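Asker:
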Amino acid sequence: MPRPRRRSIPTTCPAPASRHLSRRGFLGTAGAAAAGLALGCTGGDGDDLALPEGDGRLRILTWADYIDPTTVGVFAGTSSIDVGYDEDWEGNVEGLTDILEPTLGAGEPTGYDIIVPTYWVVDRMLQNEWLQPVPIELVGNHVNIDPDLLALPWDRGARFHMPWQVGITGIATDTDRVPVPIGSFAELVSGRVDGPVGVVAEMRETVGMLMLLRGDDPSRVTLAAAEAALDDLERLVADGTVALVTNDFYDALAGGELAACLAWSGDIVLFQAEEVGRNVTFTIPEEGGIRWFDSMVIPTGATNPAAAAAWMDFVYEPANAALITAYVQYVSPVLGVRDALVELGGDAAAVADNPLVFPDDETARRLFFWAGLDAEDEQAL
-12 MPRPRRRSIP TTCPAPASRH LSRRGFLGTA GAAAAGLALG CTGGDGDDLA LPEGDGRLRI
48 LTWADYIDPT TVGVFAGTSS IDVGYDEDWE GNVEGLTDIL EPTLGAGEPT GYDIIVPTYW
108 VVDRMLQNEW LQPVPIELVG NHVNIDPDLL ALPWDRGARF HMPWQVGITG IATDTDRVPV
168 PIGSFAELVS GRVDGPVGVV AEMRETVGML MLLRGDDPSR VTLAAAEAAL DDLERLVADG
228 TVALVTNDFY DALAGGELAA CLAWSGDIVL FQAEEVGRNV TFTIPEEGGI RWFDSMVIPT
288 GATNPAAAAA WMDFVYEPAN AALITAYVQY VSPVLGVRDA LVELGGDAAA VADNPLVFPD
348 DETARRLFFW AGLDAEDEQA L
(Lines of atoms letter the chains of each structure in order from A and count residues from 1; the text may use other names and numbers.)
(Lines give C-alpha, C1' and ligand atoms only; values in the text may rest on other atoms or scores of the structure.)
Protein backbone atom coordinates (compact mmCIF):
# COMPACT_ATOMS: atom_id res chain seq x y z
CA MET A 1 0.00 0.00 0.00
CA PRO A 2 1.39 3.44 -0.84
CA ARG A 3 2.73 5.31 2.13
CA PRO A 4 1.27 8.66 3.24
CA ARG A 5 3.82 11.41 2.84
CA ARG A 6 3.11 15.06 3.49
CA ARG A 7 5.75 16.01 0.93
CA SER A 8 5.80 14.14 -2.36
CA ILE A 9 8.74 16.05 -3.86
CA PRO A 10 12.11 15.56 -2.12
CA THR A 11 14.02 18.66 -1.04
CA THR A 12 17.62 17.85 -0.21
CA CYS A 13 20.18 20.20 1.25
CA PRO A 14 23.70 18.78 1.44
CA ALA A 15 25.41 22.17 1.43
CA PRO A 16 24.85 25.64 2.89
CA ALA A 17 24.17 27.05 -0.57
CA SER A 18 20.71 25.47 -0.62
CA ARG A 19 17.74 27.78 -0.32
CA HIS A 20 16.58 25.77 2.68
CA LEU A 21 19.50 27.11 4.71
CA SER A 22 19.08 30.76 3.88
CA ARG A 23 17.08 32.69 6.43
CA ARG A 24 14.38 33.58 3.94
CA GLY A 25 14.42 30.23 2.16
CA PHE A 26 14.38 27.92 5.13
CA LEU A 27 11.64 29.94 6.74
CA GLY A 28 9.56 29.03 3.74
CA THR A 29 7.42 31.84 2.41
CA ALA A 30 7.69 34.42 5.14
CA GLY A 31 8.30 37.18 2.63
CA ALA A 32 5.63 36.04 0.20
CA ALA A 33 3.06 35.57 2.92
CA ALA A 34 3.79 38.93 4.47
CA ALA A 35 3.60 40.60 1.08
CA GLY A 36 0.16 39.11 0.61
CA LEU A 37 -1.06 41.13 3.56
CA ALA A 38 -0.63 44.28 1.53
CA LEU A 39 -2.57 43.02 -1.46
CA GLY A 40 -6.13 44.05 -2.03
CA CYS A 41 -7.57 40.55 -1.77
CA THR A 42 -10.83 40.00 0.03
CA GLY A 43 -12.23 37.23 2.16
CA GLY A 44 -15.36 36.43 4.11
CA ASP A 45 -15.68 37.19 7.80
CA GLY A 46 -18.45 34.69 8.40
CA ASP A 47 -21.09 37.26 9.36
CA ASP A 48 -23.21 37.00 6.22
CA LEU A 49 -22.70 33.60 4.66
CA ALA A 50 -24.10 33.18 1.17
CA LEU A 51 -23.31 29.89 -0.53
CA PRO A 52 -23.19 29.83 -4.33
CA GLU A 53 -24.82 26.78 -5.83
CA GLY A 54 -21.68 25.67 -7.64
CA ASP A 55 -21.60 23.28 -10.59
CA GLY A 56 -22.01 20.03 -8.68
CA ARG A 57 -18.28 19.19 -8.81
CA LEU A 58 -16.09 19.27 -5.72
CA ARG A 59 -12.43 20.08 -6.38
CA ILE A 60 -9.90 19.12 -3.69
CA LEU A 61 -6.17 19.88 -3.67
CA THR A 62 -4.14 17.86 -1.18
CA TRP A 63 -0.95 15.90 -0.52
CA ALA A 64 -0.16 12.59 -2.22
CA ASP A 65 -1.14 9.27 -0.59
CA TYR A 66 -2.99 10.94 2.28
CA ILE A 67 -6.28 9.05 2.24
CA ASP A 68 -7.43 5.44 2.04
CA PRO A 69 -8.35 4.10 -1.42
CA THR A 70 -12.12 3.91 -0.86
CA THR A 71 -13.27 7.12 0.84
CA VAL A 72 -13.45 9.39 -2.21
CA GLY A 73 -15.46 6.86 -4.20
CA VAL A 74 -17.84 6.11 -1.35
CA PHE A 75 -18.47 9.82 -0.79
CA ALA A 76 -19.09 10.42 -4.48
CA GLY A 77 -21.45 7.47 -4.68
CA THR A 78 -23.51 8.35 -1.62
CA SER A 79 -23.64 12.12 -2.18
CA SER A 80 -23.96 12.21 -5.99
CA ILE A 81 -21.20 14.84 -5.92
CA ASP A 82 -18.54 14.48 -8.59
CA VAL A 83 -15.10 14.77 -6.95
CA GLY A 84 -11.90 16.00 -8.54
CA TYR A 85 -9.25 14.82 -6.06
CA ASP A 86 -5.85 16.27 -7.01
CA GLU A 87 -2.78 15.14 -5.05
CA ASP A 88 -0.68 18.01 -6.36
CA TRP A 89 0.05 19.96 -3.17
CA GLU A 90 3.76 19.13 -3.23
CA GLY A 91 4.96 21.35 -0.40
CA ASN A 92 3.91 24.39 1.58
CA VAL A 93 6.58 26.65 0.09
CA GLU A 94 5.73 25.56 -3.44
CA GLY A 95 2.00 25.76 -2.77
CA LEU A 96 2.18 29.31 -1.50
CA THR A 97 4.49 30.64 -4.18
CA ASP A 98 3.21 28.67 -7.18
CA ILE A 99 -0.51 28.28 -6.44
CA LEU A 100 -1.83 30.67 -3.81
CA GLU A 101 0.14 33.85 -4.50
CA PRO A 102 -0.54 33.92 -8.28
CA THR A 103 -4.28 33.33 -7.76
CA LEU A 104 -5.57 34.44 -4.37
CA GLY A 105 -2.83 37.06 -4.11
CA ALA A 106 -4.13 38.56 -7.34
CA GLY A 107 -7.78 38.36 -6.31
CA GLU A 108 -8.44 35.32 -8.52
CA PRO A 109 -9.89 31.91 -7.51
CA THR A 110 -7.65 28.86 -7.26
CA GLY A 111 -10.11 26.56 -9.00
CA TYR A 112 -10.41 24.45 -5.84
CA ASP A 113 -13.13 24.19 -3.22
CA ILE A 114 -10.88 22.60 -0.58
CA ILE A 115 -7.11 22.88 -0.10
CA VAL A 116 -5.20 20.94 2.58
CA PRO A 117 -2.03 22.83 3.59
CA THR A 118 -0.16 22.67 6.89
CA TYR A 119 -1.56 24.76 9.72
CA TRP A 120 0.92 27.65 9.50
CA VAL A 121 -0.14 28.18 5.88
CA VAL A 122 -3.77 28.25 7.03
CA ASP A 123 -2.80 30.96 9.52
CA ARG A 124 -1.17 32.99 6.73
CA MET A 125 -4.16 32.50 4.43
CA LEU A 126 -6.46 33.73 7.17
CA GLN A 127 -4.29 36.80 7.77
CA ASN A 128 -4.37 37.51 4.05
CA GLU A 129 -8.17 37.12 3.95
CA TRP A 130 -7.85 34.26 1.49
CA LEU A 131 -10.35 31.98 3.23
CA GLN A 132 -14.09 31.55 3.32
CA PRO A 133 -15.54 30.47 6.66
CA VAL A 134 -16.53 26.84 7.01
CA PRO A 135 -20.34 26.69 6.67
CA ILE A 136 -20.63 25.10 10.09
CA GLU A 137 -24.42 24.93 9.90
CA LEU A 138 -23.91 22.34 7.12
CA VAL A 139 -21.23 20.40 9.00
CA GLY A 140 -22.94 18.65 11.89
CA ASN A 141 -19.79 16.66 12.63
CA HIS A 142 -17.84 19.86 13.31
CA VAL A 143 -18.55 18.99 16.96
CA ASN A 144 -16.18 16.01 16.55
CA ILE A 145 -13.05 18.18 16.29
CA ASP A 146 -10.54 17.38 19.03
CA PRO A 147 -10.95 20.20 21.59
CA ASP A 148 -7.17 20.77 21.64
CA LEU A 149 -7.48 22.00 18.06
CA LEU A 150 -10.30 24.43 18.82
CA ALA A 151 -8.21 26.74 21.00
CA LEU A 152 -5.63 27.90 18.46
CA PRO A 153 -5.22 31.67 18.82
CA TRP A 154 -5.41 32.36 15.09
CA ASP A 155 -8.79 30.61 14.63
CA ARG A 156 -10.51 29.87 17.91
CA GLY A 157 -13.41 27.52 17.41
CA ALA A 158 -12.09 26.38 14.00
CA ARG A 159 -14.39 28.68 12.03
CA PHE A 160 -12.12 28.75 8.97
CA HIS A 161 -10.50 25.30 8.93
CA MET A 162 -11.05 21.66 9.84
CA PRO A 163 -7.92 19.62 10.65
CA TRP A 164 -7.19 16.69 8.37
CA GLN A 165 -4.47 14.71 10.18
CA VAL A 166 -2.10 15.43 13.06
CA GLY A 167 1.49 14.25 13.15
CA ILE A 168 4.54 14.18 15.38
CA THR A 169 8.09 15.03 14.36
CA GLY A 170 10.58 12.89 16.25
CA ILE A 171 13.68 10.76 15.63
CA ALA A 172 13.92 7.79 13.28
CA THR A 173 16.89 5.48 13.87
CA ASP A 174 18.13 2.77 11.51
CA THR A 175 18.99 0.14 14.12
CA ASP A 176 20.87 -1.90 11.53
CA ARG A 177 23.45 0.91 11.68
CA VAL A 178 22.86 2.34 15.17
CA PRO A 179 21.83 -0.59 17.40
CA VAL A 180 20.53 1.54 20.28
CA PRO A 181 17.79 3.95 19.11
CA ILE A 182 18.70 7.60 19.55
CA GLY A 183 16.68 9.00 22.42
CA SER A 184 17.42 12.72 22.33
CA PHE A 185 17.86 15.47 19.79
CA ALA A 186 21.10 16.41 21.56
CA GLU A 187 22.45 12.96 20.71
CA LEU A 188 21.21 13.20 17.11
CA VAL A 189 23.21 16.39 16.46
CA SER A 190 26.17 15.56 18.72
CA GLY A 191 28.40 14.55 15.83
CA ARG A 192 28.89 11.14 17.44
CA VAL A 193 26.26 9.17 15.49
CA ASP A 194 27.86 6.41 13.44
CA GLY A 195 26.54 7.43 10.05
CA PRO A 196 24.84 10.33 8.23
CA VAL A 197 22.22 12.35 10.10
CA GLY A 198 19.28 14.25 8.59
CA VAL A 199 16.65 16.79 9.57
CA VAL A 200 13.39 17.73 7.88
CA ALA A 201 13.11 20.74 5.58
CA GLU A 202 10.05 22.05 7.40
CA MET A 203 11.54 25.00 9.31
CA ARG A 204 8.99 25.03 12.08
CA GLU A 205 9.87 21.46 12.98
CA THR A 206 13.66 21.46 12.71
CA VAL A 207 14.10 24.92 14.21
CA GLY A 208 11.52 24.03 16.85
CA MET A 209 13.65 21.04 17.86
CA LEU A 210 16.75 23.24 17.99
CA MET A 211 14.84 25.65 20.23
CA LEU A 212 13.94 22.80 22.57
CA LEU A 213 17.61 21.80 22.65
CA ARG A 214 18.51 25.36 23.69
CA GLY A 215 15.87 25.30 26.43
CA ASP A 216 13.48 27.57 24.52
CA ASP A 217 9.78 26.86 24.02
CA PRO A 218 8.68 26.70 20.35
CA SER A 219 5.10 27.26 21.45
CA ARG A 220 6.23 30.68 22.72
CA VAL A 221 8.68 31.53 19.98
CA THR A 222 10.53 34.86 19.84
CA LEU A 223 12.56 36.37 17.02
CA ALA A 224 15.76 36.11 19.05
CA ALA A 225 15.18 32.44 19.86
CA ALA A 226 14.39 31.57 16.24
CA GLU A 227 17.49 33.41 15.01
CA ALA A 228 19.69 31.57 17.50
CA ALA A 229 18.25 28.22 16.40
CA LEU A 230 18.82 29.07 12.74
CA ASP A 231 22.42 29.96 13.56
CA ASP A 232 22.78 26.52 15.14
CA LEU A 233 21.31 24.84 12.07
CA GLU A 234 23.65 26.64 9.70
CA ARG A 235 26.62 25.59 11.82
CA LEU A 236 25.48 21.96 11.98
CA VAL A 237 25.19 21.76 8.20
CA ALA A 238 28.42 23.66 7.57
CA ASP A 239 30.47 21.34 9.78
CA GLY A 240 28.85 18.22 8.35
CA THR A 241 27.04 17.13 11.51
CA VAL A 242 23.79 17.30 9.53
CA ALA A 243 24.35 15.62 6.19
CA LEU A 244 20.88 16.00 4.72
CA VAL A 245 17.97 18.41 5.06
CA THR A 246 15.11 16.60 3.37
CA ASN A 247 11.46 15.75 3.59
CA ASP A 248 12.09 12.57 1.60
CA PHE A 249 13.59 10.80 4.59
CA TYR A 250 11.56 7.67 3.80
CA ASP A 251 13.54 6.88 0.66
CA ALA A 252 16.79 8.03 2.28
CA LEU A 253 16.25 5.57 5.13
CA ALA A 254 15.14 2.81 2.78
CA GLY A 255 18.26 3.31 0.68
CA GLY A 256 20.59 3.30 3.67
CA GLU A 257 21.57 6.94 3.10
CA LEU A 258 20.77 7.97 6.68
CA ALA A 259 21.61 6.40 10.01
CA ALA A 260 19.14 8.60 11.88
CA CYS A 261 17.02 11.65 11.20
CA LEU A 262 14.08 13.77 12.17
CA ALA A 263 10.98 12.16 10.68
CA TRP A 264 7.17 12.15 10.76
CA SER A 265 5.44 9.60 12.92
CA GLY A 266 2.94 8.27 10.38
CA ASP A 267 5.57 7.74 7.70
CA ILE A 268 7.70 5.66 10.05
CA VAL A 269 4.71 3.60 11.21
CA LEU A 270 4.10 2.77 7.54
CA PHE A 271 7.81 2.21 6.94
CA GLN A 272 7.74 -0.44 9.66
CA ALA A 273 4.55 -2.02 8.32
CA GLU A 274 5.82 -2.22 4.75
CA GLU A 275 8.93 -4.22 5.71
CA VAL A 276 11.19 -2.15 3.50
CA GLY A 277 14.24 -4.20 4.43
CA ARG A 278 15.71 -2.00 7.13
CA ASN A 279 14.82 -1.86 10.81
CA VAL A 280 13.81 1.68 11.77
CA THR A 281 12.44 2.87 15.10
CA PHE A 282 10.66 6.12 15.97
CA THR A 283 11.29 7.94 19.24
CA ILE A 284 9.91 11.14 20.70
CA PRO A 285 13.09 12.90 21.88
CA GLU A 286 13.82 13.51 25.54
CA GLU A 287 13.56 17.24 24.86
CA GLY A 288 10.07 16.77 23.41
CA GLY A 289 8.64 16.53 19.91
CA ILE A 290 6.99 18.91 17.47
CA ARG A 291 3.29 18.46 16.80
CA TRP A 292 1.78 19.65 13.53
CA PHE A 293 -1.35 19.19 11.47
CA ASP A 294 -2.64 19.71 7.96
CA SER A 295 -6.06 21.26 7.63
CA MET A 296 -8.94 21.53 5.17
CA VAL A 297 -9.81 25.08 4.14
CA ILE A 298 -12.18 26.69 1.64
CA PRO A 299 -10.31 29.36 -0.34
CA THR A 300 -11.96 32.58 -1.42
CA GLY A 301 -13.53 32.23 -4.84
CA ALA A 302 -14.47 28.58 -4.29
CA THR A 303 -17.62 27.92 -6.28
CA ASN A 304 -18.95 24.94 -4.35
CA PRO A 305 -18.63 25.53 -0.58
CA ALA A 306 -21.78 23.49 0.07
CA ALA A 307 -20.10 20.44 -1.48
CA ALA A 308 -16.97 21.25 0.52
CA ALA A 309 -19.09 21.23 3.67
CA ALA A 310 -20.57 17.86 2.69
CA TRP A 311 -17.07 16.41 2.30
CA MET A 312 -15.91 17.83 5.63
CA ASP A 313 -18.96 16.41 7.35
CA PHE A 314 -18.42 13.00 5.73
CA VAL A 315 -14.76 12.62 6.70
CA TYR A 316 -15.55 13.78 10.26
CA GLU A 317 -17.99 10.91 10.75
CA PRO A 318 -15.94 8.67 13.11
CA ALA A 319 -16.52 5.50 11.08
CA ASN A 320 -15.24 7.20 7.92
CA ALA A 321 -12.39 8.92 9.72
CA ALA A 322 -11.33 5.56 11.16
CA LEU A 323 -10.83 4.12 7.67
CA ILE A 324 -8.55 7.04 6.83
CA THR A 325 -6.62 6.64 10.09
CA ALA A 326 -6.16 2.91 9.55
CA TYR A 327 -4.56 3.70 6.20
CA VAL A 328 -2.42 6.80 6.86
CA GLN A 329 -1.65 5.96 10.52
CA TYR A 330 -1.40 9.56 11.66
CA VAL A 331 -3.19 11.01 14.69
CA SER A 332 -6.83 11.66 13.84
CA PRO A 333 -8.35 15.02 14.85
CA VAL A 334 -11.78 13.35 14.99
CA LEU A 335 -13.32 12.34 18.31
CA GLY A 336 -14.58 8.76 18.38
CA VAL A 337 -12.06 7.33 15.91
CA ARG A 338 -10.40 5.02 18.42
CA ASP A 339 -13.67 3.25 19.22
CA ALA A 340 -14.50 3.06 15.51
CA LEU A 341 -11.14 1.39 14.81
CA VAL A 342 -11.84 -1.22 17.47
CA GLU A 343 -15.23 -1.90 15.87
CA LEU A 344 -13.56 -2.42 12.49
CA GLY A 345 -11.45 -5.19 14.01
CA GLY A 346 -8.37 -6.86 12.52
CA ASP A 347 -5.47 -4.63 11.53
CA ALA A 348 -7.57 -1.51 12.10
CA ALA A 349 -8.17 -2.49 15.71
CA ALA A 350 -4.42 -2.86 16.20
CA VAL A 351 -3.97 0.78 15.16
CA ALA A 352 -6.12 1.78 18.14
CA ASP A 353 -3.33 0.50 20.40
CA ASN A 354 -0.48 2.31 18.62
CA PRO A 355 0.93 5.01 20.94
CA LEU A 356 2.11 7.06 17.97
CA VAL A 357 -1.45 7.25 16.64
CA PHE A 358 -3.03 7.68 20.07
CA PRO A 359 -0.41 9.29 22.35
CA ASP A 360 -1.10 9.04 26.06
CA ASP A 361 -1.40 12.14 28.24
CA GLU A 362 2.21 11.98 29.40
CA THR A 363 3.44 11.91 25.81
CA ALA A 364 1.06 14.67 24.75
CA ARG A 365 2.54 16.96 27.40
CA ARG A 366 5.91 16.61 25.67
CA LEU A 367 4.62 17.73 22.28
CA PHE A 368 4.76 21.34 21.13
CA PHE A 369 3.02 23.29 18.38
CA TRP A 370 5.11 26.01 16.73
CA ALA A 371 3.47 29.23 17.86
CA GLY A 372 4.60 31.32 14.91
CA LEU A 373 5.92 34.83 14.52
CA ASP A 374 4.17 37.86 13.18
CA ALA A 375 4.80 38.74 9.55
CA GLU A 376 7.29 41.51 10.38
CA ASP A 377 9.49 39.21 12.47
CA GLU A 378 9.38 36.44 9.87
CA GLN A 379 10.50 38.97 7.25
CA ALA A 380 13.40 39.90 9.54
CA LEU A 381 14.57 36.31 9.46
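This note's numbering numbers the first residue of the sequence shown as -12 and each following residue consecutively.
Note that beta-carbon positions come from the ideal geometry of N, C-alpha and C, so glycine has one too.
Every value quoted in this text rests on a predicted model; they were computed, and no experiment measured them.
If you scan the stretch 281 to 368 from start to end, which runs of the alpha helix (DSSP H) of 4 or more residues do you find wholly inside it?
Answerer: You should have 292 to 302, 305 to 315, 324 to 331, 333 to 338, 348 to 351, 362 to 367.
Asker: Within the same chain, show all residues whose beta-carbon is closer than 7 Å to that of E273, passing over the 5 residues directly before and after it, in chain order.
Answerer: Here residue 273 refers to the residue found at position 286 when the sequence shown is read from its first residue. Excluding sequence neighbours, E273 sits near G170, S171.
Asker: Is DSSP giving W251 helix, strand or coil here?
Answerer: As a working note, residue 251 is residue 264 in the sequence shown. Looking at W251 - three-state DSSP - the assignment turns out to be strand.
Asker: Suppose the cutoff is 7 Å on Cβ atoms and the five residues either side in sequence are ignored; what does the same chain contact list for L175 look like?
Answerer: As a working note, residue 175 is residue 188 in the sequence shown. Only I158, I169, V184, A247 meet the Cβ criterion.
Asker: Does the Cβ-Cβ distance between A250 and F269 come in under 8 Å?
Answerer: Along the sequence shown, read from residue 1 onward, the residue named residue 250 stands at position 263. Along the sequence shown, read from residue 1 onward, the residue named residue 269 stands at position 282. Yes, the Cβ-Cβ distance between A250 and F269 is below 8 Å.
Asker: Please name the residue or residues paired with W279 in a DSSP beta bridge.
Answerer: On the sequence shown, residue 279 is found 292 positions in, with the first residue counted as 1. Answer is G154.
Asker: Three or more C-beta pairs closer than 8 Å, one from the stretch 330 to 338 and one from the stretch 351 to 363: is that the case here?
Answerer: They do not touch, by the three-pair rule.
Asker: Against chain C, with Cβ distances strictly below 8 Å, would P104 count as a contact?
Answerer: Protein chains in the displayed structure number just one, and chain C is not present.
Asker: Have a look at the DSSP bridge pairing and note the partners of T209.
Answerer: On the sequence shown, position 222 is the one that residue 209 refers to. Beta-bridge pairing links T209 to no other residue.
Asker: Tell me the residue span of the beta strand (DSSP E) that contains D73.
Answerer: In the sequence shown, the residue the question calls residue 73 occupies position 86. Its beta strand (DSSP E) spans residues 69 to 73.
Asker: To the nearest whole angstrom, what separates the beta carbons of W357 and P205, a pair I think is in contact under 8 Å?
Answerer: The residue given as residue 357 occupies position 370 in the sequence shown. The residue given as residue 205 occupies position 218 in the sequence shown. W357 to P205, Cβ: 5 Å. Contact.
Asker: Given a threshold of 16 other Cβ atoms within 10 Å of its Cβ, counted over all protein chains shown, does A216 qualify as buried or as exposed?
Answerer: Here residue 216 refers to the residue found at position 229 when the sequence shown is read from its first residue. The residue in question, A216, is buried, as its Cβ has 16 or more Cβ neighbours within 10 Å.
Asker: Should L48 and V121 be called a contact, given that it needs their Cβ atoms to be closer than 8 Å?
Answerer: The residue you call residue 48 lines up with position 61 of the sequence shown. The residue you call residue 121 lines up with position 134 of the sequence shown. Not a contact, by the Cβ cut-off of 8 Å.
Asker: Taking only the alpha-carbon atoms, compute the straight-line gap between G243 and R265 and give it to the nearest angstrom.
Answerer: What you label residue 243 is simply residue 256 of the sequence shown in a count that begins at 1. What you label residue 265 is simply residue 278 of the sequence shown in a count that begins at 1. So the two alpha carbons sit approximately 8 Å from each other.
Asker: Please tell me whether L220 and T193 are closer than 8 Å, where the distance is taken between their beta carbons.
Answerer: As a working mapping, residue 220 is identified with position 233 in the sequence shown. As a working mapping, residue 193 is identified with position 206 in the sequence shown. Yes, these two residues count as a Cβ contact at 8 Å.
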